[in-house]
Amino acid sequence: NALLQFDKVVKAKEQVVAGTLYHLTIEAADGGQKHLYEAKVWVKPWMNFKELQEFKPVTVSAFTSSDLGVKQ
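One rule links them: number in the numbering used here = place in the sequence shown (from 1) + 152.
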């Protein structure tokens, strides 16, 4: 198990379901190397409920330069 250090949120979307499902793309450092990860977090504020549904590395081909804030 590696220890990840959060850097920033690169992209975020929200989907209203029984609460809100947040689709986040984050940048985190793993041993000093920056990588992108996708996370899905389900939140029901009226129940004080937060649950990480999914967390996985992003495949580079899934992103365009505009997703990463790169100007051409």
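The beta-carbon is built from N, C-alpha and C at its ideal position, and this holds for glycine as well.
Bear in mind the structure is a predicted one, so any value in this text is a computation, not a measurement.
Candidates the options: closest to residue i by CA position
i: GLU203; options: TYR174, GLY183, PHE158 and LEU156; result: TYR174
i: GLN205; options: THR211, TRP198 and GLU190; result: GLU190
i: LYS163; options: GLU179, PHE201, TRP194 and PRO209; result: GLU179
i: LYS192; options: ASN200, TRP198, THR211 and LEU176; result: LEU176
i: VAL161; options: ALA181, PRO197, TRP194 and PHE201; result: ALA181
i: LYS165; options: TRP194, PHE158, HIS187 and LYS208; result: TRP194
i: PRO197; options: PHE158, ASP159, VAL168 and GLN157; result: VAL168
i: GLY183; options: GLN157, PHE207 and PHE201; result: GLN157
First and last residue of the uninterrupted beta strand (DSSP E) at residue i
i: ALA170; result: From DSSP, ALA170 is part of no beta strand (DSSP E); its letter is neither H nor E.
i: LEU155; result: Note, LEU155: premise wrong, no beta strand (DSSP E); not H, not E.
i: PRO209; result: 201-209
DSSP bridge partner residues for residue i (one or two, in chain order)
i: GLN185; result: ASP182
i: THR161; result: According to the sequence displayed, residue 161 carries Val and not Thr. Paired residue(s): ILE178.
Buried versus exposed, by CB contacts within 10 Å (16 or more), residue i
i: GLN224; result: In this predicted model, GLN224 has a pLDDT of only 44, less than 50, meaning its place in the structure is not dependable; the value taken from the coordinates is given anyway. Label assigned to GLN224: exposed.
i: THR172; result: exposed
i: LEU155; result: exposed
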